[in-house]
Amino acid sequence: MATPDFIRELRASAGHQLLLLPGVSAVVFDDEERVLLARRADTGGWSIVGGIPEPGEQPAVTAVREVYEETAVHCVAERVVLVQALRPVIYPNGDNCQYMDIAFRCRAVGGEARVNDDESLEVGWFALDALPELEEFALFRIKQALNEEPAWFEPTPEL
Numbered sequence: 023m024a025t026p027d028f029i030r031e032l033r034a035s036a037g038h039q040l041l042l043l044p045g046v047s048a049v050v051f052d053d054e055e056r057v058l059l060a061r062r063a064d065t066g067g068w069s070i071v072g073g074i075p076e077p078g079e080q081p082a083v084t085a086v087r088e089v090y091e092e093t094a095v096h097c098v099a100e101r102v103v104l105v106q107a108l109r110p111v112i113y114p115n116g117d118n119c120q121y122m123d124i125a126f127r128c129r130a131v132g133g134e135a136r137v138n139d140d141e142s143l144e145v146g147w148f149a150l151d152a153l154p155e156l157e158e159f160a161l162f163r164i165k166q167a168l169n170e171e172p173a174w175f176e177p178t179p180e181l
């Protein structure tokens, strides 16, 4: 994922210290209930589409924007499927980040799936019974997007 300019500016004064950042992921389905996946340029692995909101941008708008920027697919965000604080990550340059991910179930409404920027090596639609190898991050979000339960979140510990 490309680093937004506002984060570069933050890093100029914050250095490598831990930044808590918003993140958005999108589980996009087409009319055949196939899921849209992108093979990431940074890791080579397949995953759902995601990104970081720009300052003042609503999370659902981010999901729709990121899907189009990366895959040329137009979609609408239908509902939030989960909210989750991810584990902190340290990037090769030493930057420390922890993302608060909001995942959306989205419905494709137009466009043809194709690589649309430099963040993906391939993009495509996959039947649920023919998914490529995916990390738990993507698998869990796809599972949550398929059920009609309220948005998932980590339960609070009992007092």
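Going by this note's numbering, 122 is the number at position 100 of the sequence shown; the sequence numbering is gapless. Glycine included, each C-beta is placed from N, C-alpha and C at the ideal position.
Quick check on this structure: which residue in the options has the alpha carbon closest to the alpha carbon of residue i?
i: Ala34; options: Asp117, Phe148, Arg127, Ala167; result: Asp117
i: Thr178; options: Ala149, Ala130, Val131, Ala107; result: Ala107
i: Ile70; options: Val98, Trp147, Phe175; result: Trp147
i: Pro14; options: Gly133, Asp53, Asp27, Val57; result: Nothing can be reported for residue 14: it is not among the residues displayed for the chain, which extend from 23 to 181.
i: Glu100; options: Ala85, Tyr113, Gly72, Phe159; result: Ala85
i: Phe175; options: Glu134, Gly132, Glu31, Val105; result: Val105
i: Ala63; options: Val49, Phe126, Val137; result: Val137
i: Arg127; options: Glu157, Ile112, Trp68, Gly72; result: Gly72
Quick check on residue i: buried or exposed, where buried means 16 or more other Cβ atoms within 10 Å of its Cβ?
i: Gly78; result: exposed
i: Glu141; result: buried
i: Pro172; result: exposed
i: Phe28; result: exposed
i: Glu134; result: exposed
Go ahead and pull the three-state DSSP assignment for residue i.
i: Arg163; result: helix
i: Asp53; result: coil
i: Leu153; result: coil
i: Leu41; result: strand
What residue range does the alpha helix (DSSP H) around residue i cover?
i: Pro81; result: 81-93
i: Leu143; result: Looking at the DSSP string, Leu143 is not in any alpha helix (DSSP H); the run it does join, the beta strand (DSSP E), is 142-148.
i: Arg33; result: 27-36
Hey, could you find the ends of the beta strand (DSSP E) residue i is sitting in?
i: Glu100; result: 96-107
i: Ala63; result: Unbroken run through Ala63: none, as it is neither H nor E.
i: Tyr113; result: Where Tyr113 is concerned, there is no enclosing beta strand (DSSP E), given that its DSSP letter is neither H nor E.
i: Gly72; result: 71-73
i: Ala24; result: Neither: Ala24 is in no beta strand (DSSP E) and is coded neither H nor E.
Between which residues of its own chain and residue i is the CB-CB distance below 6 Å, once the five residues before and five after are set aside?
i: Pro44; result: Pro75, Met122
Enumerate in chain order the residues of its own chain whose CB-to-CB distance from residue i is below 7 Å, with the five nearest sequence positions on each side excluded.
i: His205; result: The chain is shown only over 23 to 181; residue 205 falls outside these bounds and no answer can be derived.
i: Asp139; result: Glu91, Glu92
Are the C-beta of residue i and some C-beta of chain D separated by less than 7 Å?
i: Val71; result: Among the chains in the structure shown there is no chain D, since it carries only a single protein chain.
Output needed for residue i: all residues of its chain with C-beta closer than 8 Å, excluding positions within five of it in sequence on either side, in chain order.
i: Asp53; result: Ala130
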